[in-house]
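All remarks here apply to the structure that follows.
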Amino acid sequence: MIHIKVEDNKGEVQNLEIPEGINLNLMETLKAYEYPIRATCGGMALCSDCHCEVLEGWEKLPEAQEQELITLDSRPDASSASRLACQIKLADEINGLSIRLIGESE
Amino acid sequence: MEHITTDICIIGAGPVGLFAVFEAGLLKMRCHLIDVLPQVGGQLSEIYPQKPIYDIPGFPVVNAQDLVNGLMDQIEPFKPGFSLGERVDHLERLDDGTFIVRTNESTEVHSKVVVIAGGLGCFEPRKPAIDGLESFEGKGVSYMVRNPETYRDKKLVLSGGGDSALDWTIFLSEIASEVTLVHRGDTFRGAPDSAEKVFDLAKSGKINLVLQSHITAISGNGHLKQVTVQGKDNEIRNLETDYLIPLFGLTPKLGPIAEWGLNIDKSAIEVNTLDYSTNIDGIFAIGDINTYPGKLKLILCGFHEAALMAQSAFKYVYPDQKLSFKYTTVYGVNTF
Chain A
1 MIHIKVEDNK GEVQNLEIPE GINLNLMETL KAYEYPIRAT CGGMALCSDC
51 HCEVLEGWEK LPEAQEQELI TLDSRPDASS ASRLACQIKL ADEINGLSIR
101 LIGESE
Chain B
1001 MEHITTDICI IGAGPVGLFA VFEAGLLKMR CHLIDVLPQV GGQLSEIYPQ
1051 KPIYDIPGFP VVNAQDLVNG LMDQIEPFKP GFSLGERVDH LERLDDGTFI
1101 VRTNESTEVH SKVVVIAGGL GCFEPRKPAI DGLESFEGKG VSYMVRNPET
1151 YRDKKLVLSG GGDSALDWTI FLSEIASEVT LVHRGDTFRG APDSAEKVFD
1201 LAKSGKINLV LQSHITAISG NGHLKQVTVQ GKDNEIRNLE TDYLIPLFGL
1251 TPKLGPIAEW GLNIDKSAIE VNTLDYSTNI DGIFAIGDIN TYPGKLKLIL
1301 CGFHEAALMA QSAFKYVYPD QKLSFKYTTV YGVNTF
């Protein structure tokens, strides 16, 4: 199991236990868990609807690629802890990640 | 004020709105499209024009903008009208069952049917979370540059780190008396040439570049006077300014559609899958803007919805005629 702590836009915190081996990114996984992330671009790092702030586990994440950084630059509320959930692959390495969702909801 | 009379008014000129023109055209129904964006194509042109799409039947892969261009070619014989760069603000159903659709530019479209193909809604500027920002809109705060002359010999603060922030900083540095660009990062990832030019302008003292900072407050007395900027090191500075232009791109919002009495579920319009009609007689909703059990937000599903919508819209446009279904392979595309 991969454990991820998620705080939604309303401040509600849930500890998710996600089975390993799911071939999804974190945005898709959160949508599967019924988080109402709008995801306009569908996961191309172009819209920033899945913008999240990493509270714990930053070091577990692979470095952001150029497109993700460009898109984050268009967010007025981005910080040095910002990532796009669609660019985070679900993998054992991110076990223990804690995030806060701050992008647009449906 | 421009007044247009047509059979179907289509709100949204994305791929599904464009294809609706074709399906309507086959049934001899004329269309007029309105879109808030200055170009057709919706999300495809605005968000991912160069991305490949793999699930359009008959095209193993098609570039998003190429698909839009192809749709424009396909509907050209039906001579649709366009009002681009205009937002639909008002929709009214008249006593005779026809509709008046009015835009923010006072364009009025009188139609027998309204088709909402608005994707995720109107693309609107993304606004930073600054207390009181909206109260200064039009009084020093604006999210786009409509007329650069407004800023001649004035003090300006721009914020953002994308291409438009860079381009406008460069352009307005020649017009305004003082230009300050505030950016949360210390580098720019936009076009390298523009980024280099902005750094050069800062070096030569033509603009002020405030990096690793963001705007925390604005103030003024009836008109904007001051912008407060906080740096990564928590240092706070107050900048005197006449104008603030936050440039953080566009994001879709449902907008005025929510106020038209349509049944809405989670920012989407509920429709009957028989013909994608809404709860208001004569108004249909197709593409990403609608919702129904099993809905998939796919362009190809939107195309299907457009075809069924047109069959049903026919009875509003030609109430005295009987509709007989015809294949293009047999009858071709009979244009107007």
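The listed protein sequences correspond, in order, to chains A and B. My numbering puts the first residue of the first sequence at 1, with every later residue one more than the last. My numbering puts the first residue of the second sequence at 1001, with every later residue one more than the last. Cβ atoms here follow ideal geometry from the backbone N, Cα and C, with glycine treated the same way.
Check your understanding: In whole angstroms, what is the alpha-carbon distance linking Asn1263 (chain B) and Phe1284 (chain B)?
Key -> Distance from the CA atom of Asn1263 (chain B) to the CA atom of Phe1284 (chain B), rounded to whole angstroms, is 12 Å.
**Study point:** Partner residues on chain A for Arg1102 (chain B), Cβ-Cβ distance less than 8 Å
**Key:** For the C-beta of Arg1102 (chain B), not a single chain A residue is nearer than 8 Å; the gap to the nearest is close to 27 Å.
Check your understanding: Counting contacts by CB-CB distance shorter than 8 Å, is Pro1293 (chain B) in contact with chain A?
Key -> For Pro1293 (chain B), not one C-beta of chain A is nearer than 8 Å to its own C-beta.
Point to revise | Among B:Phe1022, B:Tyr1151, B:Ala1117 and B:Gly1012, nearest to Glu1086 (chain B) - alpha-carbon criterion | key: That would be B:Gly1012, whose Cα lies nearest to the Cα of Glu1086 (chain B).
**Study point:** N- and C-terminal bounds of the alpha helix (DSSP H) containing Gln1039 (chain B)
**Key:** Gln1039 (chain B): not part of any alpha helix (DSSP H); DSSP gives it neither H nor E.
Check your understanding: Per DSSP, Lys89 (chain A) forms a beta bridge with which residues?
Key -> DSSP, once it has assigned bridges, lists A:Asn25 as partnering Lys89 (chain A).
Exercise for review: Tell whether a beta-carbon distance below 8 Å holds between Ser1159 (chain B) and Val1145 (chain B).
Suggested key: No, the Cβ-Cβ distance between Ser1159 (chain B) and Val1145 (chain B) is not below 8 Å.
Check your understanding: From which residue to which residue does the alpha helix (DSSP H) around Asp1089 (chain B) run?
Key -> Per DSSP, Asp1089 (chain B) is not a residue of any alpha helix (DSSP H); the beta strand (DSSP E) it occupies stretches across Val1088 to Arg1093.
Check your understanding: Three or more beta-carbon pairs under 8 Å between the stretch 1133-1142 of chain B and the stretch 1023-1035 of chain B, yes or no?
Key -> Touching, no.
Review point. Apart from the five residues just before and just after Asp1242 (chain B), which ones in its own chain have a Cβ nearer than 6 Å to its Cβ?
Key: Result list for Asp1242 (chain B): Lys1154 and Lys1155, in chain order.
Check your understanding: Does Lys1051 (chain B) come within less than 8 Å of chain A when only Cβ atoms are used?
Key -> Output row for Lys1051 (chain B): interface = yes.
Review point. From Glu17 (chain A) to Leu1120 (chain B), what does the alpha carbon distance come to, in whole angstroms?
Key: Straight-line Cα distance between these residues: approximately 31 Å.
Review point. Who are Gly1081 (chain B)'s beta bridge partners in DSSP?
Key: Per DSSP, B:His1032.
Review point. Should Gly96 (chain A) go down as buried or exposed, given a rule of 16 or more other Cβ atoms within 10 Å for buried?
Key: Using a 10 angstroms sphere on the CB of Gly96 (chain A), the tally of other CB atoms stays under 16, which defines it as exposed.
Check your understanding: Residues of chain B with CB under 8 Å from Cys47 (chain A), in chain order?
Key -> Those are Ile1047 and Thr1251, listed as they occur along chain B.
Exercise for review: Could you tell me whether any Cβ in chain B is nearer than 8 Å to the Cβ of Ile102 (chain A)?
Suggested key: Taking 8 Å as the threshold, the shortest C-beta distance from Ile102 (chain A) to chain B does not fall below it.
Check your understanding: Smallest Cα separation from Phe1022 (chain B): which of B:Glu1076, B:Gly1041, B:Asp1007 and B:Ile1056?
Key -> By alpha-carbon distance to Phe1022 (chain B), the top candidate from B:Glu1076, B:Gly1041, B:Asp1007 and B:Ile1056 is B:Glu1076.
Review point. When DSSP labels each residue in this structure, what does Glu1134 (chain B) get in the three-state scheme?
Key: Secondary structure of Glu1134 (chain B) (DSSP, three-state): helix.
Point to revise | Selected residue, minimal CA-CA separation from Ile74 (chain A), among A:Asn23, A:Lys5, A:Cys47 and A:Ala39 | key: In the sequence on display, residue 74 (chain A) carries Ser and not Ile. Nearest C-alpha to Ser74 (chain A): A:Cys47.
**Study point:** Met1309 (chain B) burial status per 10 Å Cβ neighbour count (16 or more: buried)
**Key:** Buried, since its Cβ has 16 or more Cβ neighbours within 10 Å.
Review point. Can you name the residues of chain B whose CB is closer than 7 Å to the CB of Arg75 (chain A)?
Key: In chain order: Phe1248.
**Study point:** Continuous beta strand (DSSP E) stretch holding Ala1217 (chain B): start and end
**Key:** Residues Ser1213 to Gly1220.
Practice item. Answer with yes or no whether the minimum CB distance from Gln1043 (chain B) to chain A is below 8 Å. Key: Cβ-Cβ to chain A under 8 Å: yes for Gln1043 (chain B).
Point to revise | 8 Å Cβ cutoff met for Leu1071 (chain B) and Pro1038 (chain B) | key: Not a contact, by the Cβ cut-off of 8 Å.
Point to revise | Identity of the residue in B:Ala1024, B:Asp1200 and B:Tyr1292 nearest Pro1080 (chain B) by Cα | key: Ranking the options by Cα distance to Pro1080 (chain B), first place goes to B:Ala1024.
Point to revise | Entirely enclosed alpha helix (DSSP H) segments - the stretch 47-90 of chain A, minimum 4 residues | key: Every alpha helix (DSSP H) of 4 residues or more that sits fully in the stretch 47-90 of chain A is shown, in chain order, as 66-73.
**Study point:** From B:Tyr1318, B:Ala1064, B:Asp1131 and B:Val1114, residue whose alpha carbon lies closest to that of Trp1260 (chain B)
**Key:** Restricting attention to B:Tyr1318, B:Ala1064, B:Asp1131 and B:Val1114, the CA atom closest to the CA of Trp1260 (chain B) is found in B:Val1114.
Review point. What three-state label does DSSP hand Tyr1276 (chain B) in the structure shown?
Key: Correct three-state label for Tyr1276 (chain B): coil.
Review point. When the cut-off is 8 Å and only beta carbons count, does Gly1162 (chain B) lie next to chain A?
Key: Closer than 8 Å to some Cβ of chain A, the Cβ of Gly1162 (chain B) qualifies, so yes.
Check your understanding: Does any residue of chain A bring its CB to less than 8 Å from the CB of Pro1148 (chain B)?
Key -> Cβ-Cβ to chain A under 8 Å: no for Pro1148 (chain B).
Point to revise | First through last residue of the alpha helix (DSSP H) which encompasses Asn1069 (chain B) | key: Unbroken alpha helix (DSSP H) run through Asn1069 (chain B): Ala1064 to Ile1075.
Check your understanding: Would the beta-carbon of Gly1205 (chain B) be found less than 7 Å away from any heavy atom of the ligand GTP?
Key -> With respect to the ligand GTP, the structure offers nothing, as it holds no ligand at all.
Review point. So which residues of chain B does Pro36 (chain A) contact, with C-beta pairs closer than 8 Å?
Key: Within 8 Å Cβ-Cβ: Lys1266.
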